[in-house]
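Undergrad:
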Amino acid sequence: MITFPNAKINIGLNVVEKRPDGYHNLETIFYPVKLSDALEVIEAEETAFSSSGIEIDSTAENNLVYKAYSLLAGDFHLSPVKMHLHKVIPFGAGLGGGSADAAFALKMLNDYFALGLTTTQLKDYAARIGADCPFFIENKPTFAHGIGDQFKPVNLDLSAYEIVIVKPPISVSTPQAYRNIIPTKPDFNLLEIDRLPIEDWKTVVKNDFEKSVFPQFPEIGKLKENLYEAGAVYASMSGSGSAVFGIFRHLPTNLDRFLPKGIFIYR
Numbered sequence: 001m002i003t004f005p006n007a008k009i010n011i012g013l014n015v016v017e018k019r020p021d022g023y024h025n026l027e028t029i030f031y032p033v034k035l036s037d038a039l040e041v042i043e044a045e046e047t048a049f050s051s052s053g054i055e056i057d058s059t060a061e062n063n064l065v066y067k068a069y070s071l072l073a074g075d076f077h078l079s080p081v082k083m084h085l086h087k088v089i090p091f092g093a094g095l096g097g098g099s100a101d102a103a104f105a106l107k108m109l110n111d112y113f114a115l116g117l118t119t120t121q122l123k124d125y126a127a128r129i130g131a132d133c134p135f136f137i138e139n140k141p142t143f144a145h146g147i148g149d150q151f152k153p154v155n156l157d158l159s160a161y162e163i164v165i166v167k168p169p170i171s172v173s174t175p176q177a178y179r180n181i182i183p184t185k186p187d188f189n190l191l192e193i194d195r196l197p198i199e200d201w202k203t204v205v206k207n208d209f210e211k212s213v214f215p216q217f218p219e220i221g222k223l224k225e226n227l228y229e230a231g232a233v234y235a236s237m238s239g240s241g242s243a244v245f246g247i248f249r250h251l252p253t254n255l256d257r258f259l260p261k262g263i264f265i266y267r
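Note that UniProt numbering has the sequence shown beginning at 1, numbered continuously upward.
Structure (structure tokens):
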């Protein structure tokens, strides 16, 4: 059995307050995109995990796919399987690739072993893996708040547009992204984004992490400028970086001309 865990982008990301537990409350929109990994599970004599593509820690115990299997195995009698992940979604990019892999593993194992888990039950398991992991269970445009673990559906359809994701050969860690962040209440309510023409997003839909990340990594900020120069109607860093996405009405045939060498481009 094979499945294709897809990435997400963050449309707007507001850091609204610091919590007593040290975490931050956020507001953002998770939007699923086509960029995806490939995850396969097959019958085996003993449970094992392997990977290809982008190099990751392939130690089973350290991988979220294996953690998904272990969570279910703790509550159900699962026969051994071999799981292989072909990694395409870059990490340290704000695209949620690891969370997607885990969530899709839960869904696939639910089908593979005919466990009969409901969507709500799958989300409960996913929440034990990561704050944004439950999003990928339903995998629909979602307003996320709290620490990114509370969800509301949002009416947003970008299927008429082309979304391009670009990434420099660097990653941004969470501590780096939070450096110099000052939580503030946003002027624009992201729940109302469906009422706002996409041409107006540029002035009010912000990613607060850009204020911290761009000064540390000017090349990431430059990529946002490059995408606007190429004709994007909206461009932004995704999550805490380092990937930047552009939304185009019509994708230019010479997009590469607007970008520096060594940049990874995903369409």
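Glycine included, each C-beta is placed from N, C-alpha and C at the ideal position.
Assign Lys152 to one of two classes, buried (16 or more other C-beta atoms within 10 Å of its C-beta) or exposed (fewer than that).
TA: Answer is exposed; the Cβ neighbour count stays below 16.
Undergrad: If you draw a straight line from the alpha carbon of Phe76 to that of Asp37, how long is it in whole angstroms?
TA: Cα-Cα distance, rounded: 26 Å.
Undergrad: For Tyr161, does the three-state DSSP call read helix, strand or coil?
TA: DSSP places Tyr161 in coil when its eight states are reduced to three.
Undergrad: Return the Cβ separation of Lys123 and Pro141 in integer angstroms, given the expectation that the two are a contact with Cβ distance under 8 Å.
TA: No, Lys123 and Pro141 are not in contact; Cβ-Cβ is about 16 Å, not under 8 Å.
Undergrad: Just checking: is the beta-carbon of Gly74 within a distance shorter than 7 Å of some beta-carbon in chain B?
TA: Looking at the structure shown, chain B is missing, and only one protein chain is on hand.
Undergrad: Taking Ala7 and Ile129 to be in contact with their CB atoms under 8 Å, please state how far apart those CB atoms are, rounded to whole angstroms.
TA: Their Cβ separation, rounded to whole angstroms, is 17 Å, which puts Ala7 and Ile129 out of contact at 8 Å.
Undergrad: What does the Cβ neighbour count give for Gly22, buried or exposed, with the cut at 16 atoms within 10 Å?
TA: The residue is exposed, with fewer than 16 neighbouring Cβ atoms inside 10 Å.
Undergrad: What is the DSSP secondary structure of Asn62, counted as helix, strand or coil?
TA: Asn62: helix per DSSP, three-state reduction.
Undergrad: Can you round the beta-carbon distance between Ser242 and Ile220 to whole angstroms, since I take them to be within the 8 Å contact cut?
TA: Between Ile220 and Ser242 the Cβ distance is about 5 Å, and since that is below 8 Å, they are a contact.
Undergrad: Are the beta-carbon atoms of Asn155 and Pro32 separated by less than 7 Å?
TA: No, they are not a contact pair.
Undergrad: The alpha helix (DSSP H) with residue 277 in it runs from where to where?
TA: No information on residue 277 is available, as it lies outside the stretch 1 to 267 that the chain covers here.
Undergrad: Do Phe258 and Asn226 have their C-beta atoms within less than 7 Å of each other?
TA: It is a contact, given that the beta carbons lie within the stated cut-off.
Undergrad: Can you list, in chain order, the residues of its chain whose CB lies under 6 Å from that of Ile181, leaving out five sequence neighbours each side?
TA: So the qualifying residues of the chain are Val15 and Ser212.
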